[in-house]
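Novice: Residue numbers (this note's numbering), protein chains in the order written: chain D, 4 to 167; chain W, 4 to 223. Backbone N, C-alpha and C define an ideal beta-carbon position, used for all residues, glycine too.
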Amino acid sequence: MLALLPRLRRFAYGLTGSIDDGDDLVQTTCERAIRHIDTWQPGTRLDSWMYRIARNTHLNAVRASRVRRNHLQSVDSDDMGRVDGARAMEARLTFAAVRDFVVRLPEEQRAVVLLVCIEGKSYKDVSEIMDLPVGTVTSRLARARLALKALIDGPVDTDARGEP
Amino acid sequence: MTARPTDETLIAYVDGELSPEQVDEVEARLADDAELAAEIDSLRQASAVLHAAFNEPLRGPVPDRLTRIFAPPPAAAMGSFGWRRFGGPFAAPIAASLLLLAVSLGGAYVIAEWQVERRIARLEAVRAADQQILAAAVTKALETHVSGKPATWRNPESGSYGTIEPVRTFRAANGQWCREYIETADLVAQSVQAERRRGIACRDPDGQWRTRLELLEASF
Chain D
4 MLALLPRLRR FAYGLTGSID DGDDLVQTTC ERAIRHIDTW QPGTRLDSWM YRIARNTHLN
64 AVRASRVRRN HLQSVDSDDM GRVDGARAME ARLTFAAVRD FVVRLPEEQR AVVLLVCIEG
124 KSYKDVSEIM DLPVGTVTSR LARARLALKA LIDGPVDTDA RGEP
Chain W
4 MTARPTDETL IAYVDGELSP EQVDEVEARL ADDAELAAEI DSLRQASAVL HAAFNEPLRG
64 PVPDRLTRIF APPPAAAMGS FGWRRFGGPF AAPIAASLLL LAVSLGGAYV IAEWQVERRI
124 ARLEAVRAAD QQILAAAVTK ALETHVSGKP ATWRNPESGS YGTIEPVRTF RAANGQWCRE
184 YIETADLVAQ SVQAERRRGI ACRDPDGQWR TRLELLEASF
């Protein structure tokens with residue numbers, strides 16, 4: 004479990020949008036995992052099980068707080084590409100802009116994107132972690148990925164692209 | 004010619020989720036559809052940027068408050084519970100045995116704590132050593148190896164190992180030499196599984212290769 008911490012922190016960072024909030028989430032997740040270690044089935048993947056706890060803990064916290072913070076308010080995907088694209092054009096595309104984009108994604112798309120694109124999970128793993136049919140994983144992923152592509156394609160930064 | 008693949012198919016292609024037949028279909032189409040190829044490129048680019056944007060927690064050390072969760076519960080705190088309230092002829096022996104209990108529980112806790120600390124320190128040292136060997140191997144491979152020839156490294160102390168293979172070399176718009184590479188690594192202290200990454204590193208004027216982009220392609 005200790006060895007999983009760095010990757011769990013990265014996932015929690017993506018879910019919450021801040022390293023500190025992410026570490027709070029990791030802390031709760033680990034404490035839960037230790038308390039409920041008997042519910043983990045040996046032979047199944049420990050990391051998937053931990054991602055699942057982290058994601059559920061996060062969802063519960065978001066639901067419980069009711070007062071959703073402004074930056075968590077979901078934005079229509081179509082709108083998002085345009086608005087963020089225009090803004091990023093001025094500031095040039097930075098990693099911060101990508102993080103901002105991820106934080107603005109609707110909750111149900113964000114975890115899918117993080118697990119597939121960052122944690123390198125297969126669609127099948129993600130469907131198990133999130134209790135979703137593979138088809139739903141695919142369509143959520145597509146929506147978010149296309150919006151992200153629009154954001155990145157918008158302000159093409161020729162210096163940074165390094166095309167030969 | 005077959006129909007243009009859907010966006011979902013393209014994304015699944017980038018994620019390596021298609022069956023071999025579907026991959027063949029997409030690639031047949033790709034060969035003479037530059038627009039499609041560009042689209043796949045930018046999907047890949049988007050993933051790479053996304054991946055790099057959240058890498059920060061992987062670099063620094065894990066904060067104490069998280070590693071501390073894995074220390075054993077403080078048994079010593081319960082050790083010397085209320086022995087002062089006892090009176091009468093047995094007070095001294097009871098007190099003595101409770102004290103003994105407290106000391107041994109406390110001692111056990113201190114030893115357990117010390118062992119956990121030591122294990123964490125060892126993991127940290129292994130991680131640092133792996134990183135050093137890995138960095139040297141990457142620099143050497145990028146500096147001296149021709150594309151397509153992988154270099155391997157191994158840390159016999161930890162059992163971590165990996166390969167670096169430069170796959171292509173190009174000159175960026177700003178004149179810097181850059182190389183795309185594929186890196187596989189099984190870092191014992193860092194992740195539970197081996198990972199394959201694809202990245203681009205450019206050679207800075209000081210002779211250092213610095214990674215510009217890195218994308219996790221697979222973990223196994």
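Which value, in whole angstroms, describes the spacing of the CA atoms of W/D133 and W/E127?
Specialist: For W/D133 and W/E127, the distance between alpha carbons rounds to 10 Å.
Novice: What is the rounded straight-line gap between the Cα of W/R7 and the Cα of W/D27?
Specialist: So the two alpha carbons sit approximately 13 Å from each other.
Novice: Whole angstroms are fine: how far does the CA of W/A41 sit from the CA of W/E24?
Specialist: One C-alpha to the other measures close to 22 Å.
Novice: D/N63 by DSSP, collapsed to three states: which one?
Specialist: Correct three-state label for D/N63: helix.
Novice: Tell me the DSSP secondary structure of W/A22 in three-state form.
Specialist: In the sequence on display, residue 22 of chain W carries Ser and not Ala. W/S22 falls in the coil class under three-state DSSP.
Novice: Just how far apart, CA to CA, sit W/A154 and W/H54?
Specialist: Cα to Cα, the separation comes out at about 24 Å.
Novice: Does W/A6 come out as helix, strand or coil in the three-state DSSP assignment?
Specialist: It is coil, neither helix nor strand.
Novice: With a threshold of 8 Å on Cβ separation, who are the neighbours of D/K127 within its own chain once the five nearest residues in sequence on each side are excluded?
Specialist: So the qualifying residues of the chain are V137.
Novice: Would you say W/P8 reaches chain D, if we count a Cβ-Cβ gap shorter than 8 Å as a contact?
Specialist: W/P8 does not count as touching chain D.
Novice: For W/D35, which three-state DSSP category applies?
Specialist: Looking at W/D35 - three-state DSSP - the assignment turns out to be coil, as it is neither helix nor strand.
Novice: W/V129 CB to nearest chain D CB: under 8 Å?
Specialist: With 8 Å as the cut-off, W/V129 does not count as an interface residue toward chain D.
Novice: List in chain order: all unbroken beta strand (DSSP E) runs of 3+ residues lying wholly within the region 87-168 of chain W.
Specialist: Listed in chain order, they are 154-158.
Novice: How would you call D/H39, buried or exposed, if buried means at least 16 neighbouring beta carbons within 10 angstroms?
Specialist: Counting Cβ neighbours within 10 Å, D/H39 comes out exposed, since fewer than 16 surround it.
Novice: Below 8 Å, can you find three or more Cβ-Cβ pairs linking the region 7-22 of chain D to the region 105-120 of chain D?
Specialist: Verdict: yes, contact present.
Novice: Of the choices D/R13, D/T47, D/M53, whose alpha-carbon is the least far from that of W/L61?
Specialist: Here the closest residue by C-alpha is D/R13.
Novice: Let me confirm a value: W/K152 is counted as buried when at least 16 other C-beta atoms fall within 10 Å, else exposed. Which label applies?
Specialist: It is exposed - the Cβ of W/K152 has fewer than 16 other Cβ atoms within 10 Å.
Novice: Can you tell me which of W/Y164, W/I203, W/A105 puts its alpha carbon nearest to the alpha carbon of W/I136?
Specialist: Here the closest residue by C-alpha is W/Y164.
Novice: Closest Cβ-Cβ distance between W/I97 and chain D: below 8 Å?
Specialist: No, no contact with chain D.
Novice: For D/S77, I'd like the list of residues in its chain whose CB is within less than 8 Å of its CB, leaving aside the five on either flank, ordered along the chain.
Specialist: Residue placement at D/S77 is poorly supported in this model, since its pLDDT is 46, which falls under 50; the coordinates still yield a value, given next. Same-chain partners within the cutoff: R107, L108, P109, E110.
Novice: Would a check of beta-carbon distances place D/P9 closer than 8 Å to chain W?
Specialist: Yes, D/P9 lies at the interface with chain W (some Cβ there is under 8 Å from its Cβ).
Novice: With W/D189 as the anchor, note down where its beta strand (DSSP E) starts and where it stops.
Specialist: First-last of the beta strand (DSSP E) with W/D189: 180-189.
Novice: So, helix, strand or coil for W/G82, using DSSP?
Specialist: The predicted position of W/G82 is uncertain, since its pLDDT is 43 and thus under 50; a value taken from the coordinates is nonetheless stated next. Residue state, collapsed to three classes: helix.
Novice: If the cut-off is 7 Å on Cβ atoms, which residues from the region 147-160 of chain W count as contacting chain D, listed in chain order?
Specialist: Correct list: empty, as no residue qualifies.
Novice: Tell me whether W/R47 sits in a helix, a strand or coil according to DSSP, three-state version.
Specialist: Helix.
Novice: Quick check on this structure: which residue in W/Y16, W/V106, W/R47 has the alpha carbon closest to the alpha carbon of W/R32?
Specialist: For the residues W/Y16, W/V106, W/R47, the minimum Cα distance to W/R32 belongs to W/Y16.
Novice: Does the Cβ of W/T9 have 16 or more other Cβ atoms within 10 Å, making it buried, or fewer, making it exposed?
Specialist: That one is exposed.
Novice: Mapping the DSSP letters down to three states, classify W/V29 as helix, strand or coil.
Specialist: If DSSP states are grouped into helix, strand and coil, W/V29 belongs with the helices.
Novice: Go ahead and pull the three-state DSSP assignment for D/E131.
Specialist: DSSP places D/E131 in helix when its eight states are reduced to three.
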